[in-house]
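Below: the structure, in structure tokens.
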Ligand SMILES: Cc1ncc(COP(=O)(O)O)c(C=O)c1O
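Residue numbers (my numbering): 51 to 397.
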């Protein structure tokens, strides 16, 4: 399949990551994380997020989110999130099924919770007939490609903590947020009061690297048993650890994310002057959301795979990856222009 704009999950693996996996493919190592590779990676997570950070490698982002929710909540608890949150829309009810918790989704104009909008769901504390709000979950970048600033994250953490709750961040694309905000991973998580983080790398050049990172040690009790119960404990864990080592220790996360964010800006710029392509959210990370006449996007889908994001509103999502090139964008925009001209009956 040619390189397109369907998802940053459609791209392959950074060569540095494959090399790291190959280099670790020697001799034997103890399983389930009890090896030197994992110890080195765990130290890197502490260097990156702070001395108290504890990483749990998992197979996928859904697993990271569910494990973090399980760390924060029991089955009578509830998690406040944006209506568009991955945990609410794209995890097939895994958080509810595995943890028994309720999600309390909030409508947002741009994928972002605010203290005021989150607060609308913070009621019923102590009332045994209501699920008890226990956590706020945000994604950075959001599923709509928008960003929370450090102040906005801090304000949500303050709100959560003032109510005896926790703040979870879904960072499936945390690198894209960090380079866009010009800050370190630690500044946008631990230092803002985030209690636990889903830290992903798969969308940014890893083969299969996701993790739940507990930043508040109070949440760490018994998590290793719960990861196993959730079937997310990997036996040959060294091959996960070395992916993160290549990612964090060599600056690969930054190089890849800077590139995909830059490509999203290039794509955005290339749409200027195309009246039929209306960009509907600020482009702050590596995705571009566009409203298009239906005839145009269905025709363009004959040339390229991409998702209808909101069919009722004719909004589609175009996503750039670490391997997107300027030529890919030029060809894509040319195809778009051709499909628009066809739809107008000029071809
Ligand atoms: C915001 C967000 N969180 C989590 C995930 C991880 O999902 P998966 O379980 O497919 O790895 C994704 C993947 O698309 C995502 O976009």
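Note that beta-carbon positions come from the ideal geometry of N, C-alpha and C, so glycine has one too.
Cβ-Cβ distance between residue i and residue j below 8 Å
i, j, result
"residue 246", "residue 216", "yes"
"residue 331", "residue 224", "no"
"residue 346", "residue 393", "yes"
"residue 232", "residue 190", "no"
"residue 22", "residue 162", "This structure cannot speak to residue 22, because the chain is shown only from 51 to 397."
"residue 349", "residue 389", "yes"
"residue 118", "residue 211", "no"
"residue 206", "residue 165", "yes"
"residue 257", "residue 244", "no"
"residue 130", "residue 171", "yes"
"residue 335", "residue 230", "yes"
"residue 342", "residue 329", "no"
"residue 72", "residue 291", "no"
"residue 378", "residue 61", "no"
"residue 298", "residue 98", "yes"
"residue 209", "residue 237", "no"
"residue 302", "residue 255", "yes"
Proximity to residue i [Cα-Cα], best of the options
i, options, result
"residue 315", "300, 324, 299 and 338", "338"
"residue 202", "214, 107, 188 and 102", "188"
"residue 154", "142, 143 and 133", "133"
"residue 357", "57, 51, 52 and 53", "57"
"residue 267", "336, 391, 68 and 100", "100"
"residue 174", "158, 148, 211 and 128", "128"
"residue 262", "85, 122, 90 and 75", "122"
"residue 107", "86, 360, 335 and 294", "294"
"residue 65", "275, 86, 380 and 296", "296"
"residue 322", "386, 351 and 149", "386"
"residue 178", "125, 149, 326 and 353", "125"
"residue 197", "312, 226 and 185", "226"
"residue 277", "68, 120, 359 and 94", "120"
"residue 152", "180, 299 and 167", "180"
"residue 96", "396, 148 and 235", "235"
"residue 192", "362, 333 and 384", "333"
"residue 362", "383, 375, 351 and 344", "344"
"residue 279", "249, 327, 149 and 52", "149"
"residue 313", "275, 250 and 382", "382"
"residue 167", "253, 136 and 186", "186"
"residue 63", "275, 253 and 365", "253"
"residue 52", "67, 353 and 176", "353"
"residue 384", "67, 249 and 327", "327"
"residue 156", "325, 376, 135 and 375", "135"
"residue 391", "365, 360 and 325", "325"
"residue 176", "214, 137 and 249", "214"
"residue 67", "395, 300, 396 and 375", "300"
Opposing strand residues paired with residue i [DSSP bridges]
i, result
"residue 260", "108 and 250"
"residue 153", "129"
"residue 368", "338"
"residue 408", "A query on residue 408 cannot be resolved here, the shown segment of the chain reaching from 51 to 397 and no further."
CB contact below 8 Å: residue i versus chain D
i, result
"residue 306", "Protein chains in the displayed structure number just one, and chain D is not present."
Residue i beta carbon near ligand 2 (any heavy atom closer than 7 Å)
i, result
"residue 222", "Here the bound small molecules are ligand 1; ligand 2 is not part of this structure."
Original post:
Taking one C-beta from the region 292-308 and one from the region 137-152 each time, how about it: are there three or more such pairs within less than 8 Å?
Top reply: No, the region 292-308 does not touch the region 137-152.
Original post:
Does the pairing of the region 285-295 with the region 76-91 give three or more beta-carbon distances under 8 Å?
Top reply: Touching, per the Cβ criterion.
Original post:
Where are the beta strand (DSSP E) runs, 3 residues long or more, that stay fully inside the region 266-349, in chain order?
Top reply: Those beta strand (DSSP E) runs which fall completely within the region 266-349 and span 3+ residues are 337-341.
**OP:** Would you be able to state if there are at least three C-beta pairs under 8 Å between the region 53-67 and the region 364-375?
**Re:** Judged by Cβ distances under 8 Å, the region 364-375 makes contact with the region 53-67, as three or more pairs qualify.
Original post:
Is the region 105-116 close to the region 66-79, with three or more CB pairs under 8 Å?
Top reply: Touching, no, given that fewer than three Cβ pairs across the two stretches are closer than 8 Å.
**OP:** Counting only runs of 4+ residues fully inside the region 175-256, write out the alpha helix (DSSP H) ranges in chain order.
**Re:** Entirely contained in the region 175-256, the alpha helix (DSSP H) runs reaching 4 residues are, in chain order, 200-212 and 224-231.
**OP:** Tell me the start and end of each unbroken alpha helix (DSSP H) in the region 54-121 that is at least 4 residues and wholly inside, in chain order.
**Re:** Correct list: 65-74 and 86-99.
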